[in-house]
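In UniProt numbering, the protein residues as written are 1 to 350. Glycine included, C-beta positions come from ideal geometry on N, C-alpha and C.
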Amino acid sequence: MSESESVRKTETIPEWKRVEVGELTDFLERYSSVGVVDVAGIPSRQLQSMRRELHGSAEVRMSRNTLTVRALEAVDDGLEELVDYVEGQVALIGTNDNPFALYKELEASKTPAPINAGEVAPNDIVIPEGDTGVDPGPFVGELQQVGANARIMEGSIKVTEDSHVLDEGEVVSEDLANVLSELGIEPKEVGLDLRGVYSEGVLFEPDELAIDVEEYRADIQSAAAGARNLSINAVYPTAQTAPALLGKATGEAKALGLFAAIEDPDLMPDLVAKADAQLRSLAAQIDDEEALPEELRGVEAPAAQPEADEADEESADEEEAEAEADADDDDDDDDEDDGDGADGLGAMFG
1 MSESESVRKT
11 ETIPEWKRVE
21 VGELTDFLER
31 YSSVGVVDVA
41 GIPSRQLQSM
51 RRELHGSAEV
61 RMSRNTLTVR
71 ALEAVDDGLE
81 ELVDYVEGQV
91 ALIGTNDNPF
101 ALYKELEASK
111 TPAPINAGEV
121 APNDIVIPEG
131 DTGVDPGPFV
141 GELQQVGANA
151 RIMEGSIKVT
161 EDSHVLDEGE
171 VVSEDLANVL
181 SELGIEPKEV
191 GLDLRGVYSE
201 GVLFEPDELA
211 IDVEEYRADI
221 QSAAAGARNL
231 SINAVYPTAQ
241 TAPALLGKAT
251 GEAKALGLFA
261 AIEDPDLMPD
271 LVAKADAQLR
281 SLAAQIDDEE
291 ALPEELRGVE
301 APAAQPEADE
311 ADEESADEEE
321 AEAEADADDD
331 DDDDDEDDGD
341 GADGLGAMFG
């Protein structure tokens with residue numbers, strides 16, 4: 001549309017419509033996330049209650065669809081992608097929260113409601129087994145007519161087993177609507193159904209927002225732990241893996257020092273202990289006690305020890321295991337230290 005055509009079109013609409021489009025435009029520009037919600041079938045009182053519950057976190061703005069489309073196209077900036085969702089009874093919803101938190105809040109605000117004749121069943125409808133609490137009378141026939149297994153027992157009408165009376169997607173008959181109303185069964189949920197939301201240059205649809213937050217969080221934590229283990233095994237130092245790598249290197253250096261009998265102050269206690277064990281083992285194999293110093297007489301052979309190289313290998317393995325254990329401890333610490341990340345993820349999804 002040319003600029004002159006746009007001016008002519010604007011000049012032909014009434015003043016009140018121009019004002020309304022202006023207010024809608026201000027609404028759209030006020031929020032970082034804007035969506036279109038379906039409000040069909042929501043009683044006025046319940047809708048007002050939902051708007052009050054959303055106060056402070058999101059705002060619902062209703063208007064004529066034609067004016068809503070004008071405002072979305074006027075703002076442009078990607079919001080015109082929401083025009084395709086403006087059909088039927090809808091409203092705009094704006095929030096400065098992220099789309100995932102908005103979707104979660106809208107789903108949590110939904111409440112059970114009775115279903116009317118002529119409506120499409122949102123899911124399979126089942127009349128549960130049990131006492132209906134209704135005195136014997138024509139109602140037992142009404143139950144049977146809609147497909148429920150019911151009979152009069154012990155002075156009351158009872159459903160003898162869970163009875164599937166309607167499939168998802170089928171239209172509710174007047175007889176079934178009356179039976180469900182009498183039993184107090186509310187098979188549908190009433191609430192603001194999010195059709196689409198535009199945020200930070202991205203258009204989201206409900207199926208993209210309906211995720212299991214805890215499962216998503218666990219996947220991220222598992223991926224982070226796997227990346228950290230890979231970094232340690234590849235000896236790739238980072239701020240998170242450097243302490244574990246240093247611990248592992250220290251253990252390997254100590255094992256090498258013991259194997260090579262390097263006289264280092266830090267190794268002397270272990271070297272002396274190792275030499276003492278070897279001395280006692282040798283003394284225990286000498287039958288002539290007269291040939292032994294007094295302090296070694298009667299010494300029993302210590303428990304069988306692995307060969308020196310095996311012992312050193314075991315020592316190295318123990319040191320490496322300790323380093324890995326330290327790494328695991330660091331993982332736990334990282335989980336705590338990375339609380340900001342977890343909190344950030346929690347904040348993303350509400």
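Discussion item. If you measure between the beta carbons of V37 and V90, is that distance less than 8 Å?
Written reply: As a working note, residue 37 is residue 37 in the sequence shown. As a working note, residue 90 is residue 90 in the sequence shown. For the 8 Å CB-CB criterion, V37 and V90 form a contact.
Practice prompt. Throw me the rounded Cβ distance for the L166 and V172 pair, which I believe falls under 8 Å.
Written response: By 1-based counting over the sequence shown, the position of residue 166 is 166. By 1-based counting over the sequence shown, the position of residue 172 is 172. Indeed they touch by this definition, with Cβ atoms about 7 Å apart.
Practice prompt. For my contact list, V34 and L82 are in at a C-beta cut-off of 8 Å; report their separation, rounded to the angstrom.
Written response: Residue mapping note: residue 34 aligns to position 34 of the sequence shown, counting from 1. Residue mapping note: residue 82 aligns to position 82 of the sequence shown, counting from 1. 7 Å between Cβ atoms; contact.
Discussion item. Between K248 and L258, how many whole angstroms is the CB-CB distance? I'm expecting something under 8 Å.
Written reply: Your numbering for residue 248 matches position 248 in the sequence shown. Your numbering for residue 258 matches position 258 in the sequence shown. The Cβ separation is near 16 Å, so there is no contact.
Worksheet item: How long is the line joining the alpha carbons of A242 and N233, rounded to whole angstroms?
Response: The residue you call residue 242 lines up with position 242 of the sequence shown. The residue you call residue 233 lines up with position 233 of the sequence shown. When rounded, the distance between both Cα atoms is 12 Å.
Worksheet item: Within 10 angstroms of its Cβ, does A321 collect 16 or more other Cβ (buried), or is it exposed?
Response: Mapped onto the sequence shown, residue 321 falls at position 321. Note on A321: pLDDT 49, under 50, position unreliable in the model; the coordinate value appears next. The residue in question, A321, is exposed, as its Cβ has fewer than 16 Cβ neighbours within 10 Å.
Practice prompt. Go ahead and label R30 buried or exposed: buried means 16 or more other beta carbons lie within 10 angstroms of its beta carbon, across all protein chains shown.
Written response: Translated into positions along the sequence shown, residue 30 becomes position 30. So R30 ends up on the exposed side.
Worksheet item: Taking Cβ positions, are T95 and A71 nearer each other than 8 Å?
Response: In the sequence shown, counting from the first residue as 1, residue 95 sits at position 95. In the sequence shown, counting from the first residue as 1, residue 71 sits at position 71. Not a contact, by the Cβ cut-off of 8 Å.
Fill in: Residues of its chain near L203, where Cβ-Cβ distance is below 8 Å and the 5 sequence neighbours each way are ignored
As a first step, residue 203 must be located in the sequence shown, where it is residue number 203. Correct list, in chain order: G78, E81, L82, G196, V197.
Worksheet item: Starting from K188 and walking both ways along the beta strand (DSSP E), at which residues does that stretch end?
Response: Sequence index remark: in the sequence shown, residue 188 carries index 188 (1-based). Here the beta strand (DSSP E) through K188 covers 188-190.
Item to complete: Assign V19 to buried or exposed, taking buried as 16 or more other Cβ atoms, counted over all protein chains shown, within 10 Å of its Cβ.
Response: Numbered from 1 along the sequence shown, position 19 holds the residue referred to as residue 19. V19 is exposed by the Cβ-count criterion.
Item to complete: Let me know if E153 comes out buried or exposed under the rule of 16 or more other beta-carbons within 10 Å of its beta-carbon.
Response: Position 153 of the sequence shown holds residue 153. It is Met, not Glu, that sits at residue 153 in the sequence shown. Counting other Cβ atoms within 10 Å of its Cβ, M153 stays below 16 and is therefore classed as exposed.
Worksheet item: Across which residues does DSSP place I13 in a beta bridge pair?
Response: On the sequence shown, residue 13 is found 13 positions in, with the first residue counted as 1. DSSP, once it has assigned bridges, lists no residue as partnering I13.
Practice prompt. Output the distance between the C-alpha atoms of E319 and G251, rounded to the nearest integer angstrom.
Written response: For the purposes of this step, residue 319 is taken as residue 319 along the sequence shown, with counting starting at 1. For the purposes of this step, residue 251 is taken as residue 251 along the sequence shown, with counting starting at 1. Residue placement at E319 cannot be trusted, given a pLDDT of 48 that sits under 50; what the coordinates show is reported in the next sentence. C-alpha separation (whole angstroms): 5 Å.
Practice prompt. Taking L203 as part of the alpha helix (DSSP H), name the residues at either end of that continuous run.
Written response: The residue given as residue 203 occupies position 203 in the sequence shown. Not the alpha helix (DSSP H): L203 falls in the beta strand (DSSP E), residues 202-204.
Worksheet item: Using the C-alpha atoms, what's the distance from A227 back to L282?
Response: Working through the sequence shown from its first residue, we reach residue 282 at position 282. Working through the sequence shown from its first residue, we reach residue 227 at position 227. Rounded to whole angstroms, L282 to A227 spans 49 Å at the Cα level.
Worksheet entry | For R151: DSSP bridge partner residues | Translated into the one-based positions of the sequence shown, residue 151 becomes position 151. Bridge partners of R151: K158.
Worksheet item: Buried or exposed: which applies to G191, given that a residue is buried once 16 or more other Cβ atoms fall within 10 Å of its Cβ?
Response: One-based indexing of the sequence shown puts residue 191 at position 191. When all chains shown are included, G191 counts as buried.
Fill in: Contact set for A239: own chain, Cβ-Cβ below 7 Å, skip 5 residues either direction
Against the sequence shown, residue 239 aligns to sequence position 239. The beta carbon of A239 sits closer than 7 Å to no other beta carbon from its chain once the five residues preceding and following it are set aside.
Practice prompt. Note down, in chain order, each residue of its chain lying with its Cβ closer than 7 Å to the Cβ of G169, except the 5 sequence neighbours on either side.
Written response: Counting from one through the sequence shown, the residue named residue 169 turns up at place 169. Result list for G169: V120, A121, in chain order.
Item to complete: Please check the pair V146 and D175, which I expect to be a contact at CB under 8 Å, by giving their CB distance rounded to whole angstroms.
Response: Numbered from 1 along the sequence shown, position 146 holds the residue referred to as residue 146. Numbered from 1 along the sequence shown, position 175 holds the residue referred to as residue 175. Correct: roughly 6 Å between the Cβ atoms.
Worksheet item: Which whole-angstrom value is the C-beta distance of N178 and S163, which I expect to be below 8 Å?
Response: Working through the sequence shown from its first residue, we reach residue 178 at position 178. Working through the sequence shown from its first residue, we reach residue 163 at position 163. Not a contact, Cβ separation roughly 16 Å.
Discussion item. Does Y85 come out as helix, strand or coil in the three-state DSSP assignment?
Written reply: For the purposes of this step, residue 85 is identified with residue 85 of the sequence shown, where counting begins at 1. Note: Y85 maps to helix in three-state DSSP.
Worksheet item: Exposed or buried, which one is N98 when buried takes at least 16 other CB atoms within 10 Å?
Response: Within the sequence shown, residue 98 is the residue found at index 98, counting from 1. Its Cβ being crowded by 16 or more others within 10 Å, N98 is buried.
Practice prompt. Helix, strand or coil for I232, going by three-state DSSP, please let me know.
Written response: The residue you call residue 232 lines up with position 232 of the sequence shown. It is helical.
Fill in: Cβ distance (whole Å) where R151 is taken to contact V134 below 8 Å
Along the sequence shown, read from residue 1 onward, the residue named residue 151 stands at position 151. Along the sequence shown, read from residue 1 onward, the residue named residue 134 stands at position 134. In fact, because the Cβ distance is near 12 Å, the residues do not count as touching under 8 Å.
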